[in-house]
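Protein chains in written order, with our numbering: chain A, 5 to 397; chain B, 13 to 275.
What follows is a short report on a single structure.
Okay, structure coming up:
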């Protein structure tokens, strides 16, 4: 008999097996299906120059908060306070811009409003994490409390200081402040410039009638040319850049650094991680601060883009963030998930939530039906993938 | 020449005196003394609730002891946290807490003590040096004759015996002086147990002295040098393995036999 060693049972895997075992594969397939379906259903409108900009705007919004939520879930905790944190941060920034810095410290610059708000939200994030690790209570309950608490504080502050639960008509800070511009302005103009150049080159020599028929307008829209034959869209919303930055940093941390290793270990088996010297509590508190940071970035991009704020901003966003994390392959039980999967999940959910604008024949509420279906499908797909990973032995 | 004489001639690495642990009114551990000599395998046996786990947790700083002094190489040493124990050169393998399921073997072995790159990326951002870690692990597994083909796979994919082998290998990688093992064969089959125990035995060759909790009398008799018996939080006997047999040990554990503590 040949001496058969235990390790022979796990000798090697094919390329296909390795691919199928990746946590992001399910969300990738769902995303591709949604993109193709939307291409067809919207008659290409969802991906013309403006359609892409609008889709990317909402994808980036979702992606920013979902990244925070997903990493926290990988570490084994939940944050239901993300939506209220967005409302609170937006309120805080808009209020300072309108009524000046607290304690009569004078007029607020966009930078000062942002930094002071960030200091507050990070402190709250720290406090939430501190309560969770010290009390040992479920983060679901603790952050649910903060969901109510901070939404209430936001509304009360609005009424007390501002007399009304919304602020609108702030000056357009983007024009004078570079800082407001990198949060609320436009980025990657070169992309749309190149798109326009390409459109010009493709349509060179064409004689357009004075009054363009609808088909021509739709065609030109795909080439970033408007009905006056000028460049149509100038750039993406700045939040696209922030989403890319946050995702890239998160991917790097999770896959290449000591901290990433600690986060996975903490969510997978907290006691084992602790026994091996991982500072489990510090990891968790830090990640609650990170979700607070993501919520603040979400709010800052919104405030400086629209120059408005109101008490209902960010409502339900915590649930979208969790849904995206799950669609992206993150496990509710912790220890498993990938940033690339979350990117795919954000694209999927963002496209679905925007789809009604490009398919006018359907009722807007179908969006929630689709989202629910995708969420269920994703959970089942992830479960199958997991069984394939663990069921072999 | 009996084994007892050689053990006595050896230098003690770790000495603990009068270790007690009280949980409110309950005395989990009552003034237990322990001496671990250079290069020996010391077994700790006893029934459930005898205080075995409490003793090793007190030794490694996982719980705060009520009283007691720990000497390392003859010098009194404060061990108040698991970190202190690791710094002193004591590496512990707990029964269920050895490995994290869904990270790779490499990351598991280095968990909490990852090797970071030797440049600003490593120093400031904690960027891992996978090449160096992989190389060290392959060296380690070669040295210990642990056969694991794919160190990039998640720990979950491996059998109980392989997982235990990986957990034990950490003591060689990091435990400069002492390895403390909490039931290293608890969940293993017969052949896997033998593999694990051979590995325990070989830890000596790598300069480690071993304390091992076990319920398996055969393992005590075949693989250990000395054995200490705990009952209801008290030390009831310390014997050279050469001087005892299975029946005597069972008698000491259950209390059917009484004996003064002696080495």
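We treat Cβ as the ideally placed atom computed from N, Cα and C, and that holds for glycine.
Using a Cβ-Cβ cut-off of 9 Å, state whether residue 196 of chain B counts as contacting chain E.
-> Among the protein chains of the structure shown, namely A and B, there is no chain E.
Out of curiosity, what's the CA-to-CA distance linking residue 114 of chain A and residue 277 of chain A?
-> When only Cα atoms are considered, residue 114 of chain A and residue 277 of chain A end up about 42 Å apart.
Quick one: what's got a C-beta closer than 6 Å to residue 144 of chain B's C-beta in the same chain, skipping five residues either side?
-> 127
Contacts that residue 113 of chain B makes with chain A (C-beta to C-beta distance below 8 Å) | 272, 273 and 339
Can you name, in chain order, every residue of its own chain whose Cβ lies under 7 Å from the Cβ of residue 121 of chain A, other than the five neighbours on each side?
-> 93, 96, 97 and 300
Start-to-end residues for the beta strand (DSSP E) that takes in residue 202 of chain A = Premise fails: residue 202 of chain A lies in the alpha helix (DSSP H), 193-207, not in any beta strand (DSSP E).
Does any residue of chain B bring its CB to less than 9 Å from the CB of residue 281 of chain A?
-> yes
Taking three-plus beta-carbon pairs below 8 Å as touching, is the segment 233-240 of chain A in contact with the segment 182-200 of chain A?
-> yes
Residues from the segment 78-110 of chain B in contact with chain A, defined by Cβ distance under 8 Å | 94, 95, 98, 104, 106, 108, 109 and 110
Which residue comes first and which comes last in the alpha helix (DSSP H) that contains residue 227 of chain B?
-> Here residue 227 of chain B belongs to no alpha helix (DSSP H), and DSSP marks it neither H nor E.
Residue 261 of chain A (DSSP reduced to helix, strand or coil) | strand
Hey, residue 130 of chain A and residue 257 of chain A: beta-carbon distance below 9 Å or not?
-> no
contact_flag[the segment 100-110 of chain A, the segment 257-271 of chain A] where n(CB pairs < 8 Å) is 3 or more | Flag = no, the segment 100-110 of chain A and the segment 257-271 of chain A do not touch.
Which stretch, first to last residue, makes up the beta strand (DSSP E) that contains residue 84 of chain B?
-> Residue 84 of chain B -> beta strand (DSSP E) spans 79-84.
Can you tell me the Cβ-Cβ gap for residue 236 of chain B and residue 53 of chain B, rounded? I've got them flagged as a contact below 8 Å.
-> 5 Å
So is residue 23 of chain B in contact with chain A if we call contact Cβ pairs under 9 Å?
-> No, residue 23 of chain B lies away from the interface with chain A (no Cβ there is under 9 Å from its Cβ).
Answer yes or no: do residue 57 of chain B and residue 261 of chain B have a C-beta to C-beta separation smaller than 9 Å?
-> The beta carbons of residue 57 of chain B and residue 261 of chain B sit closer together than 9 Å.
Starting from the Cα of residue 245 of chain B, find the closest Cα among B:26, B:198 and B:38 and give me that residue.
-> B:38
Do residue 136 of chain A and residue 292 of chain A have their C-beta atoms within less than 9 Å of each other?
-> yes
Per DSSP, what kind of secondary structure is residue 3 of chain A in: helix, strand or coil?
-> Limits of chain A in this structure are 5 at one end and 397 at the other, which puts residue 3 of chain A out of reach.
If we call anything under 9 Å between Cβ atoms a contact, is residue 104 of chain B one with residue 72 of chain B?
-> yes
Spatial neighbours of residue 396 of chain A within its chain, please: CB distance less than 6 Å, with the 5 preceding and 5 following residues excluded, ordered by chain position.
-> Note that residue 396 of chain A scores a pLDDT of 43, beneath 50, so its modelled location is shaky and nothing firm can be said.
Which of the three DSSP states, helix, strand or coil, is assigned to residue 94 of chain B?
-> helix
Same chain only: Cβ atoms within 7 Å of residue 41 of chain B, ignoring 5 sequence neighbours per side | 31, 32, 33, 63, 66, 67, 70 and 245
So with Cβ pairs under 9 Å, would you call residue 58 of chain A a contact of chain B?
-> no
Following the continuous beta strand (DSSP E) through residue 47 of chain B, name the residue where it begins and the one where it ends.
-> 38-49
Within 7 Å of chain B by C-beta, residues of the segment 259-271 of chain A in sequence order = Residues of the segment 259-271 of chain A that bring their beta carbon within less than 7 Å of a beta carbon in chain B comprise 260, 261, 262, 263, 265, 268 and 269, in sequence order.
Are there three or more Cβ pairs, one per stretch, closer than 8 Å when the segment 173-180 of chain B is compared with the segment 106-120 of chain B?
-> The way I'd put it, the segment 173-180 of chain B does touch the segment 106-120 of chain B; three or more beta-carbon pairs between them come closer than 8 Å.
Measure from the alpha carbon of residue 155 of chain A to the alpha carbon of each residue in A:383, A:76, A:273 and A:317, then state which is nearest.
-> A:317
Give every residue of the same chain whose Cβ lies closer than 7 Å to the Cβ of residue 378 of chain A, excluding the five residues on either side of it in the sequence, and list them in chain order.
-> 34, 331, 352 and 356
Along the alpha helix (DSSP H) that carries residue 148 of chain B, what are the first and last residues, could you check?
-> 142-156
Any idea which residues DSSP pairs residue 240 of chain B with across the strands?
-> B:56 and B:250
Can you tell me whether residue 321 of chain A is buried or exposed, with buried defined as 16 or more other CB within 10 angstroms of its CB?
-> buried
Could you check the C-alpha separation between residue 59 of chain A and residue 190 of chain A for me, to the nearest Å?
-> 14 Å
Residues bridged to residue 306 of chain A [DSSP beta-bridge criterion] | Bridge partners of residue 306 of chain A: none, in fact.
Exposed or buried, residue 44 of chain A, counting other C-beta atoms within 10 Å across all chains shown (16 or more means buried)?
-> In this structure residue 44 of chain A is exposed. Its beta-carbon is surrounded by fewer than 16 other beta-carbon atoms within 10 angstroms.
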